[in-house]
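To keep things clear, I will list the structure first and then write my remarks on it.
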Amino acid sequence: MPHLYKCTKCNKYTLNQKTCPKCGGTVSDPKPPKYSPQDKYG
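For the sequence shown, the residue numbers in UniProt numbering are 1 to 42.
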């Protein structure tokens, strides 16, 4: 199953894991970090 990625330049979502097909910007995983009870900021 493909993952969903978000472009850091234009904020569009894509299934391409390398670059954004619309603007050519870099993509990142939009998921928030996992919850940890030891995390003092969480």
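Virtual Cβ for every residue (Gly too), placed ideally from N, Cα, C. Treat the numbers as computed from the prediction; the structure is a model and nothing was measured.
Notebook entry, point to check: So what does Thr14 bridge to, in DSSP terms?
Noted result: Your numbering for residue 14 matches position 14 in the sequence shown. Thr14 is bridged by DSSP to Tyr5.
Checklist line | Classification of Cys7 by the beta-carbon crowding that lies within 10 angstroms, buried from 16 upward | finding: For the purposes of this step, residue 7 is taken as the residue at position 7 of the sequence shown. Residue environment for Cys7: buried (at least 16 other C-beta atoms within 10 angstroms of its C-beta).
Notebook entry, point to check: What are the residues that DSSP puts in a beta bridge with Ser28?
Noted result: Reading the sequence shown from its first residue, position 28 is the one you call residue 28. Answer is Lys6, bridged to Ser28.
Check: Just how far apart, CA to CA, sit Thr26 and Pro32?
Finding: Numbered from 1 along the sequence shown, position 26 holds the residue referred to as residue 26. Numbered from 1 along the sequence shown, position 32 holds the residue referred to as residue 32. A direct Cα-to-Cα measurement between Thr26 and Pro32 gives close to 18 Å.
Margin query: Considering Cα atoms alone, identify which of Asp39, Lys22, Gln17, Lys34 is closest to Pro2.
Written below: Mapped onto the sequence shown, residue 2 falls at position 2. Ranking the options by Cα distance to Pro2, first place goes to Gln17.
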